[in-house]
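Here is the structure we will look at, set down as structure tokens.
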Amino acid sequence: MALDRLREKRELISLVQTGYQSPKTVIVNYDDRMLEIDKPIDWPGTQGIIHILFKDEAMVWNKVRVLVTRTTESSIFTEFPTTLFRLQRRTNYRVGVPNGSTVMFVHNNEMRQGFQVIDVSANGIFVCTDRFAPLQPGDILLDLAVFFP
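First residue of the sequence shown? That's 1005 in our numbering, and the numbers climb one at a time after it.
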């Protein structure tokens, strides 16, 4: 079980919530109702939903979403996670971007901009245009910049 490995091997986890990502920390203990996590020194003291991120044995990222129920001087206590999300790893895994994301680049010594970004991957960017763009497979694009709203 993932929690056994994380606790027994003292594997590092990150705590994430809006506006905060912790330095690496560890799971100290757990039972069928709660998790006890070593409280990071910069913990903002908030109670609410947090995401716990960690890598599994295959080095694939995993995430659980839990509610912080209380904190002490040295620990954060959360409800027991009910769902584990294993983030897929594929060569061409596509990730959607916020509406209004755009890209600009240099093509044939000319600055091109205003292309709508649909999604991104480790291997590329899927863009759409509302006008003709003389791009061909194999064209070289330079100084690429992606803007997210």
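All residues carry an ideal CB built from backbone N, CA and C; glycine is no exception.
Three-state secondary structure (DSSP) of residue i
i: L1145; result: coil
i: L1019; result: strand
i: R1009; result: helix
i: K1043; result: coil
i: Y1034; result: strand
i: K1067; result: strand
i: L1139; result: coil
i: D1060; result: coil
i: E953; result: Any answer about residue 953 is impossible in this case: the structure gives the chain only from 1005 up to 1153.
i: G1128; result: strand
i: R1074; result: strand
i: Q1025; result: strand
Minimum C-alpha distance to residue i - residue among the options
i: Q1051; options: L1010, T1022, R1098, R1090; result: T1022
i: I1080; options: G1118, F1109, G1049, P1141; result: G1049
i: F1151; options: D1035, I1144, G1104, V1110; result: G1104
i: G1100; options: T1073, V1131, L1007; result: V1131
i: D1147; options: Q1117, A1062, E1012, V1068; result: Q1117
i: A1062; options: Y1097, I1144, L1091; result: L1091
i: P1153; options: V1121, L1139, A1126, Q1140; result: V1121
i: R1158; options: Y1024, L1145, I1056, N1033; result: This structure does not reach residue 1158, given that the chain is present from 1005 up to 1153, and the question cannot be answered.
i: S1125; options: F1119, V1064, R1098, K1028; result: R1098
Start-to-end residues for the beta strand (DSSP E) that takes in residue i
i: F1152; result: That residue, F1152, is in no beta strand (DSSP E); it is neither H nor E in DSSP.
i: G1118; result: 1114–1125
i: V1101; result: Counting along the chain, V1101 falls outside any beta strand (DSSP E), and DSSP gives it neither H nor E.
i: R1090; result: 1088–1090
i: T1106; result: 1106–1111
Under 8 Å between C-beta atoms of residue i and residue j
i: N1066; j: F1089; result: yes
i: A1006; j: D1042; result: no
i: V1110; j: I1129; result: no
i: T1086; j: T1073; result: no
i: L1071; j: I1053; result: yes
i: I1045; j: I1031; result: no
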